[in-house]
Amino acid sequence: MKKRIKFSLFALVCCIFLFACGLNRLSGDYSGVVNFGFGAKSEIVFNFRGDKVTQRAANDASEKEAENSSSEKETESSSKESDEEGTYEISDNQLIMTFGDMKITADLSKDKKSFTINSISSVSGEENLGLSLANSFYKNVEFTKVK
């Protein structure tokens, strides 16, 4: 009887530990539309799996409705070429994604169904025009979980 109780307690502690480890993870796609000005918009999708994140730029959001099924295959292959892979971590509802030398910091909602980008900066500390432009376009863009 004592062995059964000990085993049950051990199993319960293991389940709680495994559940808690999974709380700081995201999974699936999060989508948002970035406005580049002059009517140019692009849908950006972040895909989260394990501790990895992939950033994918979809076609111009205003052109998306005009696409037909014959061009979808071309879009998929060109989209895969522009995918950027990186890693992410979550700390106190702060989402930090790293893609090479680029670091994206965002506020993660409590329910983890959305995040809003705060800043884009260089991991090495060397700022450049590209990162400054990206920061101005992406700042305050909300990304929501795709169902």
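Residue numbers (mature numbering (1 follows the signal peptide of the UniProt record, and there is no 0)): -20 to -1, 1 to 127.
Where a beta carbon is used, it is the ideal one built from N, C-alpha and C, also for glycine.
Exposure of residue i, with buried meaning 16 or more beta-carbon neighbours within 10 Å
{"i": "residue 18", "result": "exposed"}
{"i": "residue 28", "result": "buried"}
Residues of its chain near residue i, where Cβ-Cβ distance is below 8 Å and the 5 sequence neighbours each way are ignored
{"i": "residue 67", "result": "31, 32, 33, 77 and 78"}
{"i": "residue 126", "result": "8, 9, 10, 11 and 25"}
Residue i versus residue j - alpha carbon distance
{"i": "residue 91", "j": "residue 7", "result": "13 Å"}
{"i": "residue -20", "j": "residue 4", "result": "36 Å"}
{"i": "residue 69", "j": "residue 124", "result": "18 Å"}
Under 7 Å between C-beta atoms of residue i and residue j
{"i": "residue 85", "j": "residue 122", "result": "no"}
{"i": "residue 100", "j": "residue 120", "result": "no"}
Residue i (DSSP reduced to helix, strand or coil)
{"i": "residue 125", "result": "strand"}
{"i": "residue 18", "result": "coil"}
{"i": "residue 55", "result": "A caution first: residue 55 carries a pLDDT of 45, below 50, which makes its placement in the model unreliable, though a value can still be read off. In the structure shown, residue 55 sits in a helix (DSSP, three-state: H, G or I)."}
{"i": "residue 27", "result": "strand"}
{"i": "residue 75", "result": "strand"}
Neighbourhood of residue i by C-beta, 6 Å cutoff - its chain only, sequence neighbours within 5 removed
{"i": "residue 80", "result": "none"}
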